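Novice: Each residue of the sequence shown is one higher than the one before, counting from 3 in this note's numbering.
From the three backbone atoms N, C-alpha and C, an ideal C-beta is built for every residue, glycine too.
Everything numeric in this text was worked out from a predicted model, so none of it was measured.
Once you've had a glance at the structure underneath, I'll fire off some questions.
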Amino acid sequence: MTEENQAFPAQQQEPPGLTAPMEPQPDHGETSYTGHGRLDGMRALITGGDSGIGRAVAIAYAREGADVAISYLPEEQEDAEETARWVERVQRRCVLVPGDLTQEDVCRQTVERAVEGLGGLDVLVNNAGYQMARRDSVADVTTDDLDRVMRTNLYALVWLVQAALPHLESGSSIINVSSIQAYQPSNALLDYASTKAAINNLTVNLAAELGPKGIRVNAVAPGPIWTPLQPATQPNEKIEQFGLDTPLGRAGQPAECAPAFVFLASPRDASYVSGTVLGVTGGKPVF
Ligand code: NAD
Ligand code: MG
């Protein structure tokens with residue numbers, strides 16, 4: 003492969019992956035995101051807020067005036083501390099909640115620790131997710147992979163919503179993270195893709211149940227975004243081509259996803275927006 007038609011240099015990590023070894027470094031909006039007070043005084047729990055899309059959301063929310071709690075796996079402590087530094091730089095609080103969300107009790111404790119640290123909860127961003135793409139066929143899907151994908155992407159989402167509900171008042175919202183994979187599933191990601199389709203379904207269902215309480219529920223569906231998840235779960239052939247097949251011809255950066263999460267969390271801007279999926283896909287269809 004020549005350098006001209008290569009999206010990213012070949013690189014591999016083990017899950018969950020870290021930011022520091024990535025080449026090039028992702029853009030989380032550190033030098034570009036400007037807040038406008040859209041989330042003044044709000045309190046958000048962002049799962050997987052240590053890195054990638056979650057870090058970009060944490061930085062944007064802080065600059066919009068929100069305090070945040072971020073959850074992550076214990077081995078991602080260095081990434082979590084980097085996110086916290088950016089949040090604290092604009093005098094917002096960042097509560098660090100390490101823990102494995104594939105465990106029900108950890109999900110419930112994560113919400114409680116966030117609520118304690120923030121003094122309440124207005125936004126739950128279910129962003130933590132897992133995939134494994136180093137395989138070609140359904141024949142290669144292991145039961146361990148299935149368990150990890152389903153528990154991280156679906157079970158944890160339900161447990162986190164259950165734990166958060168008693169704390170969410172009218173005007174608060176839940177934002178789930180779907181994927182282009184819900185609409186255009188890849189063979190290698192069939193288990194992951196199915197969880198993202200289920201997350202869309204859960205989003206409209208929860209929006210219907212929680213609407214009467216004044217709680218909005220939406221999802222963001224990213225396309226190919228340059229985050230640690232990619233070198234940690236995709237083979238090198240995919241890394242080198244990552245994002246080149248989108249209409250915009252490139253992968254997106256985490257920073258390019260954050261404004262969608264700000265819009266959906268804003269009780270003013272998105273006051274009548276619930277049960278919808280907002281695509282940030284570089285032009286790929288989300289219908
Ligand atoms: P990322 O690796 O930076 O973030 C995923 C995070 O999930 C990790 O940082 C980790 O903290 C968390 N996580 C995973 N398993 C966990 C567990 N068992 N317990 C606690 N936390 C756990 O990658 P990202 O791409 O920013 O992923 C964020 C979300 O975006 C995921 O839901 C992913 O499916 C979705 N997404 C990503 C892309 C993409 O191209 N990067 C595309 C579509 C959707
Ligand atoms: Mg991470």
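Does glycine 39 pass the burial test, meaning 16 or more other C-beta atoms within 10 Å, or should it be called exposed?
Specialist: Flag for glycine 39 reads exposed.
Novice: Based on the DSSP output, what are the partners of asparagine 178 in its beta bridges?
Specialist: Asparagine 178 is bridged to Asn128, Ala221.
Novice: Per DSSP, what kind of secondary structure is glycine 121 in: helix, strand or coil?
Specialist: Coil, per DSSP.
Novice: How should alanine 234 be labelled, buried or exposed, when 16 other C-beta atoms within 10 angstroms of its C-beta is the threshold for buried?
Specialist: By the neighbour-count rule (16 or more Cβ atoms within 10 Å), alanine 234 is buried.
Novice: Rounded to whole angstroms, what is the Cα-Cα separation between cysteine 96 and leucine 250?
Specialist: When rounded, the distance between both Cα atoms is 34 Å.
Novice: Identify which residue in Glu258, Glu239, Gln111 has its Cα closest to the Cα of asparagine 7.
Specialist: Here the closest residue by C-alpha is Glu239.
Novice: Could you tell me whether the stretch 68-85 touches the stretch 136-149, where touching means 3 or more Cβ pairs closer than 8 Å?
Specialist: At 8 Å Cβ cutoff, the stretches do not touch.
Novice: Run through the DSSP bridge pairs and tell me what leucine 20 is partnered with.
Specialist: According to DSSP, leucine 20 bridges with nothing at all.
Novice: Can you determine whether any heavy atom of ligand 2 sits closer than 7 Å to the C-beta of serine 73, and answer yes or no?
Specialist: Serine 73 Cβ: outside cutoff for every heavy atom of ligand 2.
Novice: Applying the 10 Å Cβ sphere with the 16-neighbour rule, what's the burial state of glutamine 133?
Specialist: With 16 or more other Cβ atoms within 10 Å, it is buried.
Novice: Around the C-beta of leucine 280, are 16 or more other C-beta atoms found within 10 angstroms, so that it is buried, or is it exposed?
Specialist: When all chains shown are included, leucine 280 counts as buried.
Novice: Classify glycine 225 as buried or exposed, calling it buried when 16 or more other Cβ atoms lie within 10 Å of its own Cβ.
Specialist: Classification for glycine 225: buried.
Novice: Should isoleucine 291 and isoleucine 177 be called a contact, given that it needs their Cβ atoms to be closer than 8 Å?
Specialist: The question about residue 291 has no answer, for the chain in this structure spans 3 to 289.
Novice: Using 7 Å as the cut-off, classify the Cβ of asparagine 129 as near or not near the heavy atoms of ligand 1, replying yes or no.
Specialist: It does: the Cβ of asparagine 129 is within 7 Å (strictly closer) of some heavy atom of ligand 1.
Novice: Mind the definition here: the stretch 62-73 touches the stretch 11-24 only if three or more C-beta pairs lie below 8 Å; say whether that holds.
Specialist: The stretch 62-73 vs the stretch 11-24: no contact.
Novice: Would you say the beta carbon of glutamate 78 is closer than 7 Å to some non-hydrogen atom of ligand 2?
Specialist: Yes; taking the cut-off as 7 Å, the Cβ of glutamate 78 has a heavy atom of ligand 2 nearer than that.
Novice: Check the DSSP bridge columns for serine 276 and list the partner residues they point to.
Specialist: None; serine 276 has no bridge partner.
Novice: Straight-line CA distance for aspartate 271 to threonine 112?
Specialist: Their backbone Cα atoms lie some 28 Å apart in a straight line.
Novice: Could you name the residues of the same chain whose beta carbon sits closer than 6 Å to that of alanine 199, not counting the 5 residues immediately before and after it, in chain order?
Specialist: Counting only Cβ-Cβ distances below 6 Å, and skipping sequence neighbours, we find Ala184.
Novice: Taking the beta strand (DSSP E) that aspartate 42 falls in, what are its first and last residues?
Specialist: Note, aspartate 42: premise wrong, no beta strand (DSSP E); not H, not E.
Novice: Can you say whether serine 172 is buried or exposed, counting buried as having 16 or more other CB atoms within 10 angstroms of its CB?
Specialist: Serine 172 comes out exposed.
Novice: Can you name the start and end residues of the beta strand (DSSP E) that leucine 266 belongs to?
Specialist: Looking at the DSSP string, leucine 266 is not in any beta strand (DSSP E); the run it does join, the alpha helix (DSSP H), is 260-267.
Novice: Note down, in chain order, each residue of its chain lying with its Cβ closer than 8 Å to the Cβ of phenylalanine 289, except the 5 sequence neighbours on either side.
Specialist: So the qualifying residues of the chain are Tyr185.
Novice: Indicate the three-state DSSP secondary structure (helix, strand or coil) for serine 196 in the structure shown.
Specialist: Note: serine 196 maps to helix in three-state DSSP.
Novice: Would the beta-carbon of alanine 58 fall within 8 Å of that of proline 256?
Specialist: Cβ atoms of alanine 58 and proline 256: closer than 8 Å.
Novice: Rounded to the nearest angstrom, what separates serine 273 and aspartate 142 at their Cα positions?
Specialist: The alpha-carbon atoms of serine 273 and aspartate 142 are separated by roughly 45 Å.
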